[in-house]
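**Q**
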Amino acid sequence: MNHELAKAYEPREVEDRIYAFWLSGGYFHAKRDPQKKPYTIVIPPPNITGQLHMGHAMDETLQDILIRWRRMQGYAALWVPGTDHASIATEAKIVESMRKEGITKEDLGREGFLERAWKWKAQYGGRIVEQLKKLGCSCDWERERFTLDEGCSRAVREVFVRLYEKGLIYRGERIINWCPHCRTSISDAEVEFEEKDGSFWHLRYPLADGSGEIRLATTRPETLLGDTAVAVHPEDERYRDLVGKNVILPLVGKEIPIIADEYVERDFGTGVVKITPAHDPNDFEVGLRHNLPVINVMDECAVINENGGKYAGMPALEARKQIVADLDAGGYLVKVEPIKHNVGTCYRCGTAVEPRVSKQWFVKMEPLAKPAIDCVRDERIRFIPERMEKIYYNWMENIKDWCISRQLWWGHRIPAWYCDTCGEMVVAREAPDKCPKCGAALRQDEDTLDTWFSSALWPFSTLGWPEDTEDLRYFYPTNTLVTGYDIIFFWVARMIFSGLEQMGEVPFNTVFFHGLVRDAQGRKMSKSLGNGIDPLEIIDQYGADALRFTVVTGNSPGNDIRFSDEKVAASRNFANKIWNAARFIRMNLEGHDVENALPKTLRTEDQWIVSSFYAVAREMTENLEKFELGIAVQKVYDFLWDSFCDWYIEIAKIRMQQGDEESAQSARQVLVWVLSGTMQLLHPFMPYITEEIWQSLPHEGESIMISPWPEYDPAYNFPEAEAKMQRVMDVIRSVRTRRSEMNVPPSRKAKLYIASPYQAVYEDARAIIMKLAYASEMEVGDAFEIAGAVTVVTNDAKVYLPMEELVDKAAETARLKKELASAEKQLAAVQAKLSNETFMAKAPANVVEGVRANGEKLTERIRLIQSGLEALS
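Each residue of the sequence shown is one higher than the one before, counting from 319 in the numbering used here.
Below you can see the structure in the form of structure tokens.
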């Protein structure tokens, strides 16, 4: 036994000390061992801009549970930590800090800016790692990686060149999603759609030959400056004769053609659409089919450019107002129809995304998507829960080429060089000295790669690829990816096709999707609602174990959880319950030589608790294998709180107070053995308190985290003992409940008469029943006839409690009658409300439901009071 346990559990005094102990022991470091199976998780790398939030807390807790469990099972368990350079978010933060100093990126130049960015990373980049340590994460910090470190950067260049050489990466002018605020392209997966109020502006475009007009509607009138055609469906009889004619583009005055294309929906609106190839992805495809000009009318800040005529220099929304006014004044505006529609916004800053033609780098997705779909269909990769497969298939089967270039300086610079003398382009792993064609100097592409390009390689780049490292051979493919369902497109899909393409193997065999952490009302946590919760504040107030226990309790794959102060306070109370139980056991070991092993002879109650422990161990293992972490933790919670603390410890107290040293010593051994084993079961969930308690008990080994996970042992399956104890506990529980209903204090003891065919069971447990059921005497027999007794019935026994020994009949009758009158009065008021038509019509549904629920409670209370009065009579 290493040390005493303090009077109260103080997480602040324990957690940092224990984490330092784990680090100094090297217990987090995974060693390659041919005698062990590997089990690998790569952490979803948090952004270096990040601050630990509740989503991180749950994500990392679930991973830590799996790693600690597998480590205890004897696997070479590797949890690879690391951080993401987060191009857009990090650059935005640095630019903002520079703006406050009156400095721009251009003032510093690229090299100066990058020097500043690396200093920023050195100062703030490790902050979230330290916060993960506070949570108790058992990552292998010796293998920590960063997406911009030399190894990961080399992997990025290698993949880019390989894909380019296979024709899977290309550069071209295409429509892309542009964020005017971040001033960079973003991929389809980075666009979030929000329902917003908008308008349909119905316009007339005059026919150029003066024979009439054609009408259409648009949600973006400012883009008409870039219209190069109007389109109708080729089979639309209304417009067949107009195809090939021209219309006059309002405000601009130039002629544009009427074309026929199957993209147009005949039954939507007027069946006519304006075609703006530079500012709409569908229009761009139509433009390619009909060889239409592509006229970009906006710059990178969504300001009308020189192609916009008199509107040049106006921000797009300002230009819209002016254009609508001019259309109205010119007689081109027919009507304005208010609508609600989905607007694409940047997932980083929330700015409306501007579709825009731009020369960018793309990954050709169709050849990569098919094998990535197949490996989920044939179950080489399993999704937990399975319903996530449908979302994945839908995305992958409709995937577009991935725009991977970003107009940023912080990130992996695209490994392409251009010769301005002869026009040659070179894609290479290392910077070429000169143009291979003409010998002139080369300039590197200014753009960087999408952050997700590097994190797509995370399962193998972190293990040393493209080098054929021993870690890569041993730990790849990884086993479990734990992630939120909200990044299935950003990250999960991209890791799958990248692993298959570069490694020829899936990157992991299971994806465990968890939900989001919501507030107590079920709302998503956000700055605008002000309902975010800082996990570090929770840890400071309640301890890391309480936070961890809260985010896993009730957790089921793919489903959101609700977080509240009440729940975390209940988790802290559970920690205190365990602590107090451990202190009681620890104090009762003083002066006794107790080993951590079961005694040779086990009494009925010992067999019951040991058998129950092994059942819980078996069930928890099965739950963890199925990723039912919330169910697993509930099993150990129920066992600890109910079976062990509320029952076995109370029974052990009786034995330790009876004076039979052999029985007392046997009870001590069982207490130590069960508590120690239960701490092992609980350890992955609550690592700090379990380590502290385990260290205070007799034990073998240096740390609980490398002690063996308890495995089910059929030799300790005692169904008869379990059945016997169930009968005993049913009697005790029923008697206590009845006494509580009658307000009989524990100090007032009464004789018990137990009628049952299982008399030997109750005789064997005489001391336990008398102590815990507050009995003065106890008699067991086949049947009893006792006048004026309160009767309690269980499945296997009938128990009689003489009334005169329990209560003062007159006083108790008066008290119950008073309670009955009060309850009946309250129920009458509830019934009056529910029969009030005005109240029922106007009150919110939740209020009505609350009144109904109160009525049900009062009805049940009245029934119990009447039952008590009947017993007294």
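We put the beta carbon where it would ideally sit given N, CA and C, even for glycine. Treat the numbers as computed from the prediction; the structure is a model and nothing was measured.
Would the beta-carbon of tyrosine 1034 fall within 9 Å of that of serine 929?
**A** yes
**Q** Helix, strand or coil: which one does DSSP assign to tryptophan 783?
**A** Reduced to three states, the DSSP call for tryptophan 783 is coil.
**Q** Determine, using beta carbons only, whether arginine 1057 and leucine 1134 come nearer to each other than 9 Å.
**A** Their beta carbons are not under 9 Å apart, which means arginine 1057 does not touch leucine 1134 by this criterion.
**Q** Run the CB neighbour count on serine 889, radius 10 Å, all protein chains shown included, and call it buried at 16 or more, exposed below.
**A** buried
**Q** Per DSSP, what kind of secondary structure is glutamine 1211 in: helix, strand or coil?
**A** Only positions 319 to 1191 of the chain appear in this structure, which leaves residue 1211 out of reach.
**Q** Examine the Cβ distances between the region 919 to 928 and the region 978 to 992 and report whether three or more of them are shorter than 8 Å.
**A** yes
**Q** Report the three-state DSSP secondary structure of methionine 743 (helix, strand or coil).
**A** strand
**Q** If we ignore side chains and look at the alpha-carbon of each, how far apart do serine 1065 and glutamate 937 end up?
**A** Here the alpha carbons of glutamate 937 and serine 1065 stand approximately 39 Å from one another.
**Q** Among the candidates Arg1179, Met743, Pro356 and Phe339, whose CA atom is the shortest distance from the CA of threonine 798?
**A** Pro356
**Q** Could you check if methionine 1023 is buried or exposed, using at least 16 other CB atoms within 10 Å of its CB as the buried criterion?
**A** buried
**Q** Look at the alpha carbon of asparagine 1154 and the alpha carbon of arginine 880, and state the distance between them as a whole number of angstroms.
**A** 35 Å
**Q** State the Cα-Cα distance for the pair glutamate 1174 and asparagine 827, rounded to the nearest angstrom.
**A** Rounded to the nearest angstrom, the two C-alpha atoms are 50 Å apart.
**Q** Using the Cα positions of tryptophan 965 and aspartate 1082, report the straight-line distance between them to the nearest angstrom.
**A** 16 Å
**Q** Among residues of its own chain, excluding the 5 on either side of lysine 842, which ones have a beta-carbon nearer than 8 Å to its beta-carbon?
**A** Leu834 and Arg836
**Q** Ordered along the chain, which non-local residues of its own chain (more than five positions away) have a Cβ less than 6 Å from that of proline 329?
**A** Gly861
**Q** Quick one: grab the DSSP three-state call for isoleucine 361.
**A** Under the three-state reduction of DSSP output, isoleucine 361 falls in the coil class, being neither helix nor strand.
**Q** Mind checking methionine 743: buried by the 16 CB within 10 Å criterion, or exposed?
**A** exposed
**Q** Buried or exposed for lysine 1042, going by 16 or more other Cβ atoms inside 10 Å?
**A** buried
**Q** Between valine 1062 and threonine 1112, how many whole angstroms is the CB-CB distance? I'm expecting something under 8 Å.
**A** Contact flag wrong, Cβ pair sits at about 19 Å.
**Q** Whose CA, out of His1001, Ser1140 and Leu1090, lies closest to the CA of cysteine 455?
**A** His1001
**Q** For arginine 724, which of helix, strand or coil comes out of DSSP?
**A** strand
**Q** Candidates Ala324, Gln391 and Ile359: which alpha carbon is nearest leucine 380's?
**A** Of Ala324, Gln391 and Ile359, the residue nearest in Cα terms is Ile359.
**Q** Would you kindly work out how many angstroms separate the C-alpha atoms of histidine 832 and proline 875, rounded to a whole number?
**A** CA-CA distance, histidine 832 to proline 875, rounds to 5 Å.
**Q** Closest by CA to glycine 948, which one among Glu655, Asn625 and Asp878?
**A** Ranking Glu655, Asn625 and Asp878 by Cα distance to glycine 948 puts Asp878 first.
**Q** Going by DSSP in three states, methionine 1192 sits in which element: helix, strand or coil?
**A** An answer regarding residue 1192 cannot be provided, because it is not within the stretch 319 to 1191 covered by the chain.
**Q** If you compare alpha carbons, which of Leu396, Gln369 and Gly530 is closest to glutamate 855?
**A** Gln369
**Q** Say whether the region 644 to 661 touches the region 575 to 594, bearing in mind that this needs 3 or more beta-carbon pairs closer than 8 Å, one atom from each stretch.
**A** no
**Q** Leaving aside the five residues before and after serine 676 along the sequence, list all residues of the same chain whose C-beta is less than 6 Å from its C-beta, in chain order.
**A** Annotation for serine 676: Ile494 place their beta carbon closer than 6 Å to its own, counting only its chain and skipping 5 residues before and after.
**Q** Considering valine 1110, what are the terminal residues of the beta strand (DSSP E) in which it resides?
**A** Per DSSP, valine 1110 belongs to the beta strand (DSSP E) from 1107 to 1111.
**Q** Closest by CA to phenylalanine 665, which one among Tyr955, Lys971, Pro825 and Pro498?
**A** Here residue 665 is tyrosine; the residue named in the question, phenylalanine, does not match the sequence. If we check each option's Cα against that of tyrosine 665, Pro498 comes out closest.
**Q** Is DSSP giving methionine 319 helix, strand or coil here?
**A** Bear in mind that a pLDDT of 42 at methionine 319, under 50, signals an unreliable position, so the number given afterwards is only what the model happens to contain. Three-state DSSP puts methionine 319 in coil, outside helix and strand.
**Q** Residues bridged to lysine 1116 by DSSP?
**A** Ala1073 and Val1111
**Q** From what residue to what residue does the beta strand (DSSP E) around aspartate 515 run?
**A** 509 to 524
**Q** Leaving out the 5 sequence neighbours to the left and right, which residues in its chain are closer than 6 Å to leucine 610 when beta-carbon positions are compared?
**A** Thr546, Ala547 and Pro595
**Q** Going along the chain, which unbroken runs of the beta strand (DSSP E) with 3 or more residues stay wholly within the region 861 to 918?
**A** none
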